[in-house]
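Residue numbers (this note's numbering): 1 to 184.
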Amino acid sequence: MPSVPRMITGLADYTLADLEALENERPELGRLEVIDGALHATGESAVGNLHQLLMQRLHLVFAAACPAAFIVRIDTWWMSPRGKLRPDVAVYRRGDEPADRFGAFRVAPQATLEILSDDADHDLVRKDGIYEQFGVTHRAYIDMRDRYAWWCRLDGVDHDAPTVTWHLDGWPALSLDRDELFAA
Numbered sequence: 001m002p003s004v005p006r007m008i009t010g011l012a013d014y015t016l017a018d019l020e021a022l023e024n025e026r027p028e029l030g031r032l033e034v035i036d037g038a039l040h041a042t043g044e045s046a047v048g049n050l051h052q053l054l055m056q057r058l059h060l061v062f063a064a065a066c067p068a069a070f071i072v073r074i075d076t077w078w079m080s081p082r083g084k085l086r087p088d089v090a091v092y093r094r095g096d097e098p099a100d101r102f103g104a105f106r107v108a109p110q111a112t113l114e115i116l117s118d119d120a121d122h123d124l125v126r127k128d129g130i131y132e133q134f135g136v137t138h139r140a141y142i143d144m145r146d147r148y149a150w151w152c153r154l155d156g157v158d159h160d161a162p163t164v165t166w167h168l169d170g171w172p173a174l175s176l177d178r179d180e181l182f183a184a
């Protein structure tokens, strides 16, 4: 079992199972989450380390396949100075991406991917409606509440197969594999 300091310095070498085992072994640490590539003990969380680890893995899938004409970001998308969404993966055409996160409401992403929270049904309806209103035509959602009951919606079509393929304009096909994303 890796120690906490080792996990903090070598997080990329560890899996979700390692994080869960460490949480179980050291309950005094509270909930462990990966935030900006570092391990943090954050107390109880509705989404926790599973969400953070999936977000990082999905970002890598997109970044590895990203054509030169696009850029992939994980940041806050500001719809107005007071309203915001935080897509887990946002795809912009290169040159259209906001200079900083506070200017993001001027340009909507070309595509977004969201990992849904514990309140997935409400979360999906709210977020999907907002993205549609702002013209984001490519929208993907992954229900992360149960890693063994995979559910994914790509551009309005529900999938429950272990592997799904997402086709974005100008991109190679993106294969999202449940077993790779949830690798233990």
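Where is the CB? At the ideal position from N, CA and C, for every residue including glycine.
- Taking 8 Å as the upper bound for CB-CB distance, A63 and W171 are not in contact here, some 12 Å apart.
- If you ignore the 5 residues before and after K127, its C-beta comes within less than 7 Å of the C-beta of L85, E114, all in its own chain and listed in chain order.
- According to DSSP, residue pairing for A111 in a beta bridge involves V91, H138.
- Rounded to the nearest whole angstrom, the CA to CA distance from T165 to L60 is 16 Å.
- DSSP places L168 outside both helix and strand once states are collapsed to three, so it counts as coil.
- Residue pairing from DSSP places L116 in a beta bridge opposite D143.
- Under the three-state reduction of DSSP, I130 is assigned to helix.
- When secondary structure is reduced to three states using DSSP, D160 falls in the coil class, being assigned neither helix nor strand.
- In this structure, A161 keeps its C-beta atom at 7 Å or more from the C-beta atom of H167.
- At a Cβ-Cβ threshold of 7 Å, V91 and L58 do not count as neighbours.
- Judged by their CB atoms, R139 and T112 are nearer to each other than the 7 Å cut-off.
- Around the beta carbon of R178, 16 or more other beta carbons sit within 10 angstroms, so the residue counts as buried.
- Going by DSSP, R178 is part of the alpha helix (DSSP H) stretching over 178-181.
- Under a 10 Å Cβ-count criterion, V136 is classified as buried, with 16 or more other Cβ atoms of the shown protein chains found around its own Cβ.
- In this structure, the straight-line span from the alpha carbon of E97 to that of L181 is close to 26 Å.
- Of the other Cβ atoms in all chains shown, fewer than 16 fall within 10 Å of the Cβ of V125; this residue is therefore exposed.
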